Every structure is written in C-alpha cells, then in structure tokens.
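Numbering (the numbering used here), first residue to last: 2 to 167. Where is the CB? At the ideal position from N, CA and C, for every residue including glycine. All of these numbers come straight from a predicted model, not from anything done at the bench. Working notes for the structure below.
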C-alpha cells in the first residue's frame, strides 16, 4: 500500500492519477476558463503565467482528455420569460434496469426539464424544471412528467429565489 509522508494510506488510485495529470497550471487554466470561456489564448496565458503557445497546447490536451467538455453561453432564463423553477422528486413504479433506461431516454425529450439526477434516496429522481409560470408548470407536470415511463408519484418544490447558480 502507498503512504504519504504522514503514513496515511492512499486509497484511491483514480484520485492519484488525476492529481498526477493535472498540475497547478492546468487547474488555473480550468478555473480561468470556468469563469470566462471566451478568454483569448493571450489573456489566458497572461493569467496563468505562460506564453500563448504552451497554453494553447494545454487547452487542446485538456479538451482531448475530457476535462473541458465544451463552451457555452450562460443565458438569463428570467429575461427569456422562463423564471419559474421547480424541483420535482420522482418515484418510479419499477426500478429495474429496463425501466430506468426507459425513463432516462424519455426525460431527454422534455425540454422544460433542465436537469435530471438519479438519487440514492426515498425517491428515484430529482428534476429541475423551468417554465414561464405556475400554470405552465402544472401543464408540464400533468402532461409530460407524469406521462414519463414508470412514474408512480411526484412531489414538487417551487424555488422562491436562486441564491447561487454556478
């Protein structure tokens, strides 16, 4: 077993491997791009203390290795008229693999569902649903979410205010 100097065992080879692959500069590049994905390579190089060419090579490697999965604009959904956010607990009637797969596929076709997380809880999924208002949410819940495969029960929690959205 491997040990750090303090004699604490290293239990996860996966964590060690990630730490070996990403150095301080890689982490600084990821943090800077996470804050502003539109930074030019010159601006990014200045922020991390390298010249442009090595920064470009590192960004290309981080993209290739899957640390950077893409770049996107952050849309102000409230300005788009989609300010109503609800979180929905979903309990399924069947949790065998085929049922979970059917639910996972079907949820992809509901544009109002912004996020879908499988949970280890008394319910099976937690959905983040964004609509224009409570009436639109009721329609989505009644016509789309309740009609998803194997949905047995839902519970809704309406967000009053978003305090942090990263």
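Assigned secondary structure, residue i (DSSP; H/G/I helix, E/B strand, else coil)
i           : result
residue 90  : strand
residue 156 : strand
residue 163 : coil
residue 30  : helix
residue 64  : helix
residue 120 : coil
residue 51  : coil
residue 131 : strand
residue 114 : strand
Counted within 10 angstroms of its Cβ, other Cβ atoms place residue i as buried (16 or more) or exposed
i           : result
residue 158 : exposed
residue 75  : exposed
residue 118 : exposed
residue 115 : exposed
residue 30  : buried
residue 113 : buried
residue 141 : buried
Whether residue i touches residue j by CB criterion (9 Å)
i           : j           : result
residue 104 : residue 152 : yes
residue 26  : residue 59  : yes
residue 127 : residue 91  : yes
residue 156 : residue 89  : yes
residue 1   : residue 45  : Absent from the model: residue 1. The displayed extent of the chain is 2 to 167, so no value can be given.
residue 149 : residue 99  : no
Supposed contact pair residue j and residue i - C-beta distance, whole angstroms, cut 8 Å
i          : j           : result
residue 83 : residue 132 : 7 Å
Selected residue, minimal CA-CA separation from residue i, among the options
i           : options            : result
residue 86  : 138, 39, 71        : 138
residue 146 : 101, 120, 130      : 130
residue 143 : 122, 68, 111, 124  : 111
residue 96  : 70, 124, 109       : 124
residue 24  : 68, 101, 54, 136   : 68
residue 212 : 121, 109, 120, 160 : There is simply no residue 212 to check, as the chain begins at 2 and stops at 167 in what is shown.
residue 22  : 154, 66, 109, 162  : 66
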